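Below is one structure, written out as structure tokens; the observations come after it.
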Amino acid sequence: MDDLESGALDSEGEGNLIAAAQQIARALASKRELTDEERKALVHLRAQLSTFTLDSEKKKKNIEEGASREEHLDVIHEKIMRWENDQSMIWDLGQDEAYQYLDAVDETRKLIERLENSHSDMSVEKDEMLRNAHDVLQTAMVRLEEEFKHMLLQNRRSIEPEHTSFRSSEEDAAEVGSMISSSFDDSLRRDSFNRISEESIIDLVHPEILPDLRCIANLMCSSGYEHECSQAYVNLRRDALDECLFIVEMEKHCIEDVLRMEWATLNFKIKKWVRAIRVFVRVYLASERWLSDQIFGEASLNLSCFIEASKAAILQLLNFGEAISIGSKEPEKLFCFLEMYEVMSKLSPDIDDLFPDEAGSFIRTQYHELQQRLGKCIRMTFLEFKKAIASNASATAFPGGGVHHLTRYVMNYMKNLIDYGETLELLLSDHGKEGSNSFCHETNSPVEDEQSGVSGCGFPKLAPHFHGISSVLESNLDEKSNLYKDAGLQHIFLMNNVHYMAEKVKNSELRLIFGDDWIRKHNGKFQQHALSYERSTWSSILSFLREEGLHSSGSGSVSQTLLRERLKNFSLAFEEVYRAQTAWVIPDVQLREDLRISTSLKIVQAYRTFVGRHNGHLSDRHIKYTADDLENYILDLFEGSPKSLPNPYRRSLLYRQNHQTDNPTEEPDRPVVVSVISMATSARSQDRTEKLPLKPQFLLRPTGVLESKRDLAGIREIDAPNVLRAFIGHDLIELSEREHSSSPRESFVCVIFSEDILSTKK
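Each residue of the sequence shown is one higher than the one before, counting from 3 in this note's numbering.
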């Protein structure tokens, strides 16, 4: 009933509207002019009529557009779904197929945008179409993600050998050398990422595929699938950077494993870490950042993708450094700490540029905190080095008085530290008072400090620390010298070690720190020890050659008994020094030669003068050694090989160099045989002698000339009452006499035969 009434009202309303319109038309036809009120009414009526026309046309257009969009979506859906039944990768089939697919996906995205921005009254139809379009787009995004990962994976480039020429053997790795080739190393400069030259960037994927990857990334991001795209990129590139760590031979180690490593193994791994982090940051991370920029553009997404992809790898490197920083602080680790600190300092600007803003703050903070901890390790280890020198005690004296191992270690240690002078100055400058005062055993006045060369050197802030180390070393050496019972050996020990210190400073860059005044001071020190050695060793021996007490108080004549006793005691004392000091050692050839010459000038000259002055009171048998003998024996000192003097024949034995054998054809190199015979001379008859040839004792030199009494080392002592003569052909050998109290007088004489003569005697 209500519907009927409503329909009646609608019909009645439409009739009234038509009647009113007809009436207005008749009125307008009868009027020639319109009043203002009438004109306004007609304008308003016209506006209402135009509105009714536009709404009608819009409804018609919406209906037509809805049908067109639905048809368009069906076409796109067909293109996209066609690839869902094909297992082939689209980009493997060529660019044309790939671009057609991208166009279809982009059209779907644009259709969704138009539907979302339209104000169509067909809400039900629009919602249905939007759902269908999103389904098509999601299907396409899944496919594009697979294509994106496939291209990233299949087009990854293997790292060329010239970029990472690493050596795996520990022996090679122990050498200080670059792990990368020289041509590539030139490109690893301390430029930040934004300033890294193109030579430092390598292609981590084939460059020809980058435009396609960029298209996929842009389309996925503009379609609202940036999370899926970035996650696919991060997962693949994280694995790729893990492989880069494998290439630079950085293994994963937990902190506990690192702390338990033996020093040789740890040292090897630290050297690899230093080289690895330099290559990884300057090459791999820089190239990875460049790759993310190429794929994702300058948007914030590229930075987040890079950080997420590289975080695990860089933290693995930093975790190893963290384990090193909390380990023990033995002195031998200082150089490793310095290497790690310096490489991190050089890479610090690169890290700041690679990981900027808030997104990269975590990595930057971890990096700089580790660098600070390594700096603290360096300061602590440097102080431990001083403590180790001071506490290095010895239970026994160093053999031979040579250069102690501690001296060599400390001086070479400081010499190698010069390579890190700037870093040490930076790290120790804030701890100068603590470092220079804690273990400085010198109590120099300000004037002495100025003269020692502390000021005006190459590393002024480092100089006090190095002077403190040398002072600790010298104090320790003084304590070690007290272990020697022989005062002369004490001075030899100190002379050797101070000389080594002075030479090491003079001939290295340590001179920049210690200065010339320090060198002159220590040259004077070891020279003073040389003089002290001569006084402590030779003064007592030279006292046997003094003139005091040799002359009788009444007659003023020389006491032959005292004279001979003095010579005998001199010889015994010299033999004792010879036995002891041939075992002593002076490693430096020039220093050894200088001390020998100085000793020889004093001893030989004094001996020659004494013997020459009293030659009239001495026979040859009282002079055990000639001055030339002493000079030769002094040349044996300080070789580190103990020797004893032979028991020489008591007289000089001269063999004329114009000796002629009975056999003129005998070769000059034929050896001469020495034999001992007994000659018994009766008291009643001087003419009768009995010759008893004994077994030959030894061979003389092939020259036929007796050059030294050492050649008679094996012969028995000769007793003879007078000068005896033995004839071989027409040549004469004179033998010195020695008194003998036995009767009948019996003597042994050394008679020289040639081999031919000896064979005929047999």
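Glycine included, C-beta positions come from ideal geometry on N, C-alpha and C. As the structure is a computational prediction, the values presented were derived from the model and not from experiment.
Residues near residue i by beta carbon distance below 6 angstroms, same chain, minus five either side
i, result
"R28", "none"
"L620", "none"
"I420", "E511"
"E341", "V276"
"Q296", "L212"
"A311", "V236, R239, R240"
"L19", "none"
"E427", "F461, K463, L464"
Where the alpha helix (DSSP H) containing residue i begins and where it ends
i, result
"I636", "629-636"
"G470", "465-483"
"W85", "Careful: W85 lies outside any alpha helix (DSSP H) and carries neither H nor E."
"L372", "363-392"
"N220", "212-224"
"S561", "S561 -> no alpha helix (DSSP H), and no H or E assigned at all."
"L767", "With the chain covering only 3 through 764, there is no way to say anything about residue 767."
"S534", "513-544"
"D259", "257-261"
"K626", "Segment: none, K626 is in no alpha helix (DSSP H) and carries neither H nor E."
"H501", "489-508"
"N617", "Careful: N617 lies outside any alpha helix (DSSP H) and carries neither H nor E."
"A234", "228-249"
"E360", "First-last for E360: undefined, no H or E at that position."
"S2", "The requested residue 2 does not occur in the structure, where the chain is confined to residues 3 to 764."
"R548", "Per DSSP, R548 belongs to no alpha helix (DSSP H) and is neither H nor E."
Beta-carbon spacing of residue i, residue j below 8 angstroms
i, j, result
"L552", "S561", "yes"
"S483", "L475", "no"
"L639", "F576", "no"
"T425", "Y343", "yes"
"K331", "T383", "yes"
"I279", "L319", "yes"
"V542", "T584", "Sequence check: residue 542 is Ser here, not Val. In this structure, T584 does not lie closer than 8 angstroms to S542 by Cβ."
"G423", "F461", "yes"
"C231", "L104", "no"
"I605", "L597", "no"
"F282", "L247", "yes"
"A504", "H524", "yes"
"K151", "A242", "no"
"L139", "L221", "no"
"Y767", "M413", "A question about residue 767 goes unanswered here, because the residues of the chain that appear run from 3 up to 764."
"L408", "N498", "no"
"W520", "V507", "yes"
"A629", "Y609", "yes"
"L647", "Y580", "yes"
"E536", "S472", "no"
"S573", "Y627", "yes"
"D244", "M153", "no"
DSSP beta-bridge partners of residue i
i, result
"V606", "Its beta-bridge partners do not exist; DSSP assigns none."
"V207", "R158"
"E641", "V587"
beta-carbon residue i near the ligand SAM non-hydrogen atom, thresh 7 angstroms
i, result
"T141", "Judged by which ligands are present, the structure shown has none, so any question about the ligand SAM falls away."
Sequence-distant residues of the same chain with beta carbon closer than 7 angstroms to residue i, five excluded per side
i, result
"H624", "R566, L569"
"D57", "With a pLDDT of only 47 at D57, under the threshold of 50, the placement of this residue in the model should not be trusted; the figure read from the coordinates follows. Hits under 7 angstroms: none found."
"F298", "A219, N304, C307"
"S538", "A489, G490, H493"
"S431", "K463"
"L429", "G377, I380, R381"
"A135", "L75, T110, L113, I114, L117"
"R1", "Outside the displayed span of the chain (3 to 764) sits residue 1, for which this structure offers no information."
"R366", "I353, D354, F357"
"L602", "Checking the sequence, you will find Ser at residue 602 rather than Leu. E633, I636, listed in sequence order."
"E1", "Residue 1 lies beyond the residue range present for the chain, which begins at 3 and ends at 764; the question has no answer from this structure."
"L261", "A325, G329"
Cβ neighbours of residue i in the same chain (closer than 8 angstroms, five flanking residues each side left out)
i, result
"M346", "I279, G323, Y369, L372, Q373, L376"
"A361", "S302, L305, S306, I309"
"R410", "Y502"
Beta carbon proximity, residue i to chain C, threshold 8 angstroms
i, result
"D359", "In the displayed structure, chain C is absent; only one protein chain is listed."
Curious, which full-length beta strand (DSSP E) runs of at least 3 residues does the stretch 88-157 contain?
Unbroken beta strand (DSSP E) stretches of 3 residues or longer found wholly inside the stretch 88-157: none.
Taking only runs of the beta strand (DSSP E) that begin and end inside the stretch 308-353, which ones reach a length of at least 3 residues, in chain order?
Taking only runs of at least 3 residues, no beta strand (DSSP E) segment lies wholly in the stretch 308-353.
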